[in-house]
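So in full-length UniProt numbering, the last spot in the sequence shown is 204, and the numbers never skip. The beta carbon of each residue, even a glycine, is placed where N, CA and C say it ideally should be.
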Amino acid sequence: MDLAGLLVFATALFIAAASPGPGIAAIVARVLGRGTQGAVAFSAGLAIGDVVWLTFAIVGLAALAQAFHGVFLAVKWAGAVYLLYIAYKLWTAPAAAQEVAADAKAEHPAKLFLGGLAVTMGNPKVMVFYLALLPTIIDLTRVTLLGYAELVTATLAVLAVVFAAYIGLASRARRLFTSPRGIRILNRTTGTVMAGAAAAVASR
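(1) Should Pro20 go down as buried or exposed, given a rule of 16 or more other Cβ atoms within 10 Å for buried?
(2) For Ser171, which of Gly33, Ala57, Pro135 has the nearest alpha-carbon?
(3) Determine the DSSP secondary structure at Phe138, reduced to helix, strand or coil.
(4) Distance, Cα to Cα, Ala118 vs Gly45?
(5) Nearest to Leu131 by alpha carbon, out of Thr192, Pro109, Trp77, Val52?
(6) Should Leu169 be labelled buried (16 or more other beta-carbon atoms within 10 Å of its own) or exposed?
(7) Just verifying my parser: in three-state terms, what is the DSSP assignment at Val59?
(8) Check this for me: beta carbons of Val158 and Ala26, under 8 Å apart or not?
(9) By Cβ distance, which residues of its chain are closer than 7 Å to Asn123, with the 5 residues on each side in sequence left out?
(10) Starting from the Cα of Asp2, find the closest Cα among Ile137, Ala165, Leu112 and give me that residue.
(11) Hey, quick one: how far does the alpha helix (DSSP H) through Val143 stretch, first residue to last?
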């Protein structure tokens, strides 16, 4: 596709992705509460979810998404449950000062990836952008295979910049908390944010 159209798409996606929503809330709360370990795998799941919705929009599967409403509803609830699980873990985490430096409990990358994917697939903001707004930004009927590859590349590049920025900012903020009391407040605050993100996903 032409460069102008690609730039319009990338700009619109950047604005949509950078605005606060369940996905961003999940990333920030996770990094604040558990550190940067696993953030890449979780963010990758979020990004691939965007690619899935982009693909649906381009090949005209909005109708299919409606037909398989039950499947997407199940995915949405799976994402909400995952966020609530993380919220619980953050709320009940021990307030030890050394946890600011590192999170001792590792999680399998596949689990993190699927968690991020479920969050994006159930995120109403992402659905609206790709299925409703994207057709007003570019002519989906004229997207070639090369154009699709360009859109996917632009999507992953934009999301990498946005997610990396949020991860970096959250990581810097996390290092400001050095006392057990500060960590307890941080854990419970981010746990509450995570639960709020779950509620946002479930209520749509």
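Reading off the structure:
(1) In the sequence shown, residue 20 corresponds to position 20, counting from 1. With fewer than 16 other Cβ atoms within 10 Å, it is exposed.
(2) As a first step, residue 171 must be located in the sequence shown, where it is residue number 171. Cα-wise, what sits closest to Ser171 is Gly33.
(3) What you label residue 138 is simply residue 138 of the sequence shown in a count that begins at 1. Phe is not the amino acid found at residue 138; the sequence shown has Ile there. Residue state, collapsed to three classes: coil.
(4) Counted from its first residue, the sequence shown places residue 118 at position 118. Counted from its first residue, the sequence shown places residue 45 at position 45. Roughly 8 Å between the two C-alpha positions.
(5) Looking up residue 131 in the sequence shown gives position 131. Of the listed residues, the one whose Cα sits closest to Leu131 is Val52.
(6) Working through the sequence shown from its first residue, we reach residue 169 at position 169. Result: exposed.
(7) Numbered from its first residue, the sequence shown carries residue 59 at position 59. DSSP places Val59 in coil when its eight states are reduced to three.
(8) Working through the sequence shown from its first residue, we reach residue 158 at position 158. Working through the sequence shown from its first residue, we reach residue 26 at position 26. Against a cut-off of 8 Å, the Cβ pair of Ala26 and Val158 comes out as no contact.
(9) Mapped onto the sequence shown, residue 123 falls at position 123. For Asn123, same chain residues with a beta-carbon under 7 Å away, outside a window of 5 residues either side, are Gly21, Pro22, Gly23, Val201 in chain order.
(10) As a first step, residue 2 must be located in the sequence shown, where it is residue number 2. The residue with the shortest Cα to Cα distance from Asp2 is Ile137.
(11) Position 143 of the sequence shown, counting from 1, holds the residue named residue 143. It is not in any alpha helix (DSSP H) - Val143 carries neither H nor E in the DSSP assignment.
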